[in-house]
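Chains as they are written, first to last, in my numbering: chain R, 1 to 227; chain H, 228 to 474.
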C-alpha cells in the first residue's frame, strides 16, 4: 500500500486513521450525539416559538457543528503522540505538512462529514424551509473543512500540556469566528433575498487559504511539541 | 566616518541587551510623558467642540490611538516572534512575551473608551458590530498567546509555540482594520485617511497624532522594562546576573 511517493504515504495515512476510527466507532457516535444534543438544548432553553427558532437555527447548527468538531480535535494527534507514531511521522522523508493534511482529511471525514449529513434533519426540526436547509448544508460542507484545518493548529500547539484541550478551545475558537459569520450569514442573507453567493464564496476562500497554510503551521507546531 | 559598521547581532544576547534596554527606557519614558501631556492638553482644551456630538467626542483622543496601538503592537509582537523562530534569537522571544500584556492593555482600553463613546452617541454600551467584535477577538488572541506561554513549563517550547500562535493570529489584524470598509456597519469609517482630504480640524488631527506617539513611546518604555525583568528571571543562574546583583 505504502509504495513510495508522497501521495501514497498520505493516502496510506488517511486509510490507517479511518481504519483506527472504525475500530473505535463509539468515538464517531459521541461526536454526532454531542452535535444533536447541543442543537436540542437551544429550543428547550429559548422556548418553542417557531419564528424565533427559524431565525436562530443557522447560528445554532453552526455553533453545534463548531463545538462537536472541536470535541474530536483533542484526539487528532493525542494517541499518535502517546504511542510514538508521531515521532515516526516526523522521521519519514515525506514533508510533514502533507502527512498532516492527510490526518486532517481523515479527521474531517469522521467528524465533519457526518455532521454535514445529519444537519438537514436538525434543520427540519427547527422548521427551516427546503431552500434554507440546502444552503445551510452546503455552507457546512464548505466550512467544516476549515474548522478541521484551523483546529489542527490548536491541537498541535497544546499537545501534551495539562488541560490542553480546554486551552486549545481558547486558542482556536477566536480563529473560527470568520467561518461562523460567513456560514451562518449565508442562510440569513438568502432568507432576506440578497442571495448566499457572497457568503459562500468567502467560505470557499477561507478553505482555499487554509489548505496550504494551516498544515504548514500545524507541522511547525508539531515539531515544537515533539522535540 | 567610522570604518567598523555597527553589528546589530551584538544585541542578540541577553547579557548585552539588558544594559541597552536600561539606557533606552528613560528616553522613551520622557518623550512619552511630554507627548501625553501635550496631546491631552490639545485634545481636551485646545481642540474645538464638535457641533454634533458635543464634548463627548473628545474620548477619541484616547480611543483612536489606543486602537491603533492594539493592532500595531500585535504586528510588532508577531514580528518579534517571526524573528525568534527564524534566527533562534532568545531576546526576540522575550520581546514578544514582553509586548503581549501592553498590547492586551491597549486593546482593552480601546474597547473600554469605545463603550464610553458609544453610550452617549449610539445609546448603547456595546453593539455587535464588525469592528467591535473583531477588536474583542484581538483581545482573546492576546490572552491566548499569554495563556499558552504560561501553561507550558518548558520555556523553549513555550516561546516557540506562542510565537507560532501569534503568527497565525496575524490574519485578524487586516480584518479589523478593513472591517468598517468591508461591512457597512454602525462603527464609523476610518478617522484618518491618506488619500482623502482631512475631515477634521487640524488641531484634532495633531492632538491625535501626538497622543499616538505618546502611546507608542509608552509601549516601548514599558516593554523594555518588562523585558529586563524577563531577562533577569530567565538568566538568574548566569554569572553576569550574579555580578549585576552584587554591584
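Cβ coordinates follow ideal geometry from the N, Cα and C atoms, glycine included.
Within its chain, find whatever has a CB closer than 7 Å to the CB of residue i; leave out the 5 residues flanking it on each side and keep chain order.
i: residue 39 of chain R; result: 60, 61, 64, 122
i: residue 225 of chain R; result: 156, 159, 160
i: residue 202 of chain R; result: 182
i: residue 141 of chain R; result: 116
i: residue 364 of chain H; result: 399
i: residue 144 of chain R; result: 65, 69, 108, 112, 115, 116
i: residue 245 of chain H; result: 455, 458
i: residue 76 of chain R; result: 103, 107, 152, 155
i: residue 323 of chain H; result: 304, 307, 308, 311, 390, 393
i: residue 290 of chain H; result: 337, 340, 341, 344
i: residue 252 of chain H; result: 448, 451, 452
Please check if any C-beta of chain H sits within less than 9 Å of the C-beta of residue i.
i: residue 158 of chain R; result: yes
i: residue 225 of chain R; result: yes
i: residue 228 of chain R; result: Absent from the model: residue 228 of chain R. The displayed extent of chain R is 1 to 227, so no value can be given.
i: residue 19 of chain R; result: no
i: residue 207 of chain R; result: no
i: residue 221 of chain R; result: yes
i: residue 161 of chain R; result: yes
i: residue 164 of chain R; result: yes
i: residue 217 of chain R; result: yes
i: residue 167 of chain R; result: yes
i: residue 173 of chain R; result: yes
i: residue 179 of chain R; result: no
i: residue 170 of chain R; result: yes
i: residue 1 of chain R; result: Interpretation of residue 1 of chain R is limited by its pLDDT of 45, a score under 50 that renders its predicted location unreliable; the figure taken from the coordinates is listed afterwards. False, the Cβ-Cβ gap to chain H never drops below 9 Å.
Cβ of residue i less than 9 Å from any chain R Cβ?
i: residue 234 of chain H; result: no
i: residue 319 of chain H; result: no
i: residue 391 of chain H; result: yes
i: residue 358 of chain H; result: no
i: residue 286 of chain H; result: no
i: residue 354 of chain H; result: no
i: residue 388 of chain H; result: yes
i: residue 370 of chain H; result: yes
i: residue 374 of chain H; result: yes
i: residue 453 of chain H; result: no
i: residue 367 of chain H; result: yes
i: residue 302 of chain H; result: no
i: residue 396 of chain H; result: yes
i: residue 403 of chain H; result: no
i: residue 297 of chain H; result: no
i: residue 312 of chain H; result: yes
Using a threshold of 9 Å, state whether the C-beta atoms of residue i and residue j are closer than that.
i: residue 318 of chain H; j: residue 389 of chain H; result: no
i: residue 111 of chain R; j: residue 55 of chain R; result: no
i: residue 187 of chain R; j: residue 51 of chain R; result: no
i: residue 333 of chain H; j: residue 446 of chain H; result: yes
i: residue 248 of chain H; j: residue 451 of chain H; result: yes
i: residue 151 of chain R; j: residue 69 of chain R; result: yes
i: residue 191 of chain R; j: residue 132 of chain R; result: yes
i: residue 366 of chain H; j: residue 338 of chain H; result: yes
i: residue 438 of chain H; j: residue 255 of chain H; result: no
i: residue 284 of chain H; j: residue 348 of chain H; result: yes
i: residue 137 of chain R; j: residue 148 of chain R; result: no
i: residue 217 of chain R; j: residue 153 of chain R; result: yes
i: residue 79 of chain R; j: residue 167 of chain R; result: no
i: residue 18 of chain R; j: residue 106 of chain R; result: yes
i: residue 403 of chain H; j: residue 298 of chain H; result: yes
i: residue 293 of chain H; j: residue 405 of chain H; result: no
i: residue 434 of chain H; j: residue 273 of chain H; result: yes
Return the bridge partner residues of residue i from the DSSP annotation.
i: residue 281 of chain H; result: H/277
For residue i, which residues of its own chain have a beta-carbon under 6 Å away from its beta-carbon, when the five flanking residues on both sides are left out?
i: residue 461 of chain H; result: none
i: residue 114 of chain R; result: 32
i: residue 146 of chain R; result: 179, 206, 207, 210
i: residue 100 of chain R; result: 215, 218, 219
i: residue 386 of chain H; result: 320
i: residue 109 of chain R; result: none
i: residue 48 of chain R; result: none
i: residue 172 of chain R; result: 151, 154
Using a Cβ-Cβ cutoff of less than 8 Å, which residues in the same chain neighbour residue i once the five nearest sequence positions on both sides are dropped?
i: residue 314 of chain H; result: 239
i: residue 371 of chain H; result: 392, 396
i: residue 280 of chain H; result: 347, 348
i: residue 6 of chain R; result: 94, 95, 98
i: residue 353 of chain H; result: 342, 345, 359
i: residue 228 of chain R; result: Past the boundaries of the shown model lies residue 228 of chain R; chain R is included only from 1 to 227, so the question cannot be answered.
Margin query: As an exercise, report each continuous alpha helix (DSSP H) stretch of at least 4 residues that is fully enclosed by the segment 358-405 of chain H, in chain order.
Written below: 382-396
Margin query: Give the list of continuous alpha helix (DSSP H) stretches no shorter than 4 residues that lie fully inside the segment 427-469 of chain H.
Written below: 429-461
Check: In chain order, which alpha helix (DSSP H) runs of at least 4 residues are fully inside the segment 14-66 of chain R?
Finding: 25-46
Item checked: Whole runs of the alpha helix (DSSP H) within the segment 84-139 of chain R, excluding any shorter than 4 residues -> 85-91, 96-107, 113-125
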